[in-house]
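Asker: Using the UniProt record's numbering, you'd call the opening residue of the sequence shown number 1 and step up by one each time. Where is the CB? At the ideal position from N, CA and C, for every residue including glycine.
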Amino acid sequence: MPKKYYAVKKGRQPGIFTTWTEAQKVISGFSNAEFKSFTKREEAESYMTDTSAPKLVETEETVIAYVDGSFDKRSQKYSYGVVLIKNGQIIDELSNSGDDPTYAESFQIAGECFGALNAIKWAIKQGYQSVIIHYDYLGIEMWALGKWRANKTVSKDYVTYFKKYASQIDVSFVKVKAHSGIDFNERADQLAKDALN
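(1) Counting along the chain, where does the alpha helix (DSSP H) carrying L117 start and finish?
(2) Which residues in the same chain have their Cβ closer than 7 Å to the Cβ of F35, if we skip the five residues on either side of it in sequence?
(3) Output the distance between the C-alpha atoms of V82 and W20, rounded to the nearest integer angstrom.
(4) Is V63 closer than 7 Å to K77 when the C-beta atoms are compared?
(5) Nearest-angstrom Cα distance between I133 and F173?
(6) Taking the continuous beta strand (DSSP E) assigned at K4, which residues delimit it?
(7) Going by the beta-carbon positions, is the gap between I165 and I91 smaller than 7 Å?
(8) Spatial neighbours of D68 within its chain, please: C-beta separation below 6 Å, excluding the five flanking residues on both sides.
(9) Determine the DSSP secondary structure at D99, reduced to helix, strand or coil.
(10) Using CA coordinates, which residue listed in K125, N32, C113 is at the minimum distance from T153?
(11) By Cβ distance below 8 Å, which residues in the same chain neighbour I16 in space, the five residues on each side in sequence not counted?
(12) Exposed or buried, what is A178 when buried is set at 16 or more other beta-carbons lying within 10 Å of its beta-carbon?
(13) Quick test of your reading: Y135 and I169, contact by CB under 8 Å. State the CB separation rounded to the nearest angstrom.
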């Protein structure tokens, strides 16, 4: 596995770190922390000196994922749908459901979390270097980046697995408006609903 560099632009102590543990110490609980991981030190240094607005660039090593979650009160099942995109085309779809009562108490949020984690896991397995997660529930990004405190089991487990996966791939987030007519987001929503049946 290639060495990773964690560039912390905004945190308790900005700088470039060689382990996720070191980087996490200076960003955890820091409001509006800004950081990114890179496989090359030069890229990390460039990120640290770049003052322009962050750009999410899709390269050959990048895959885009739209994730959504759903919940059925009657059966107490949560589910997720994931649509994976490359060059504007759907290349794969994932969906599943669960009924663990510990997670079900968080309703569709459990599905949102599992959707994001499975999208990241899929991207790692396929050999991508980065994944851009499009989501409509803000916790997906806020818990992952340590901006929200993880209190419930589902959010704590999400953070644990996110940290494990984030050490293997670059993860970026894009917030989308729920039910806003974005085809890929609507498809992820439908996959999540279908997984409840």
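Answerer: Answer, in terms of the structure:
(1) For L117, the enclosing alpha helix (DSSP H) stretches over residues 108–125.
(2) These residues qualify, in order along the chain: Y6, A7, V8, K9, G11, A23, I27.
(3) The straight-line gap from Cα to Cα measures roughly 26 Å.
(4) No, the pair does not count as a contact, with Cβ atoms beyond the cut-off.
(5) CA-to-CA, the gap between I133 and F173 works out to about 5 Å.
(6) Here K4 belongs to no beta strand (DSSP E), and DSSP marks it neither H nor E.
(7) At residue 165 the sequence reads Tyr, which differs from the Ile that was named. No, the Cβ-Cβ distance between Y165 and I91 is not below 7 Å.
(8) Excluding sequence neighbours, D68 sits near G81, A188, D189, A192.
(9) DSSP places D99 in coil when its eight states are reduced to three.
(10) When only C-alpha atoms are compared, the closest one is C113.
(11) Excluding positions up to five away in sequence, the list reads Y5, Y6, A7, V8, R41, A44, E45, M48.
(12) With fewer than 16 Cβ atoms within 10 Å of its Cβ, A178 is classed as exposed.
(13) With a contact defined as Cβ atoms closer than 8 Å, Y135 and I169 miss out at about 16 Å.
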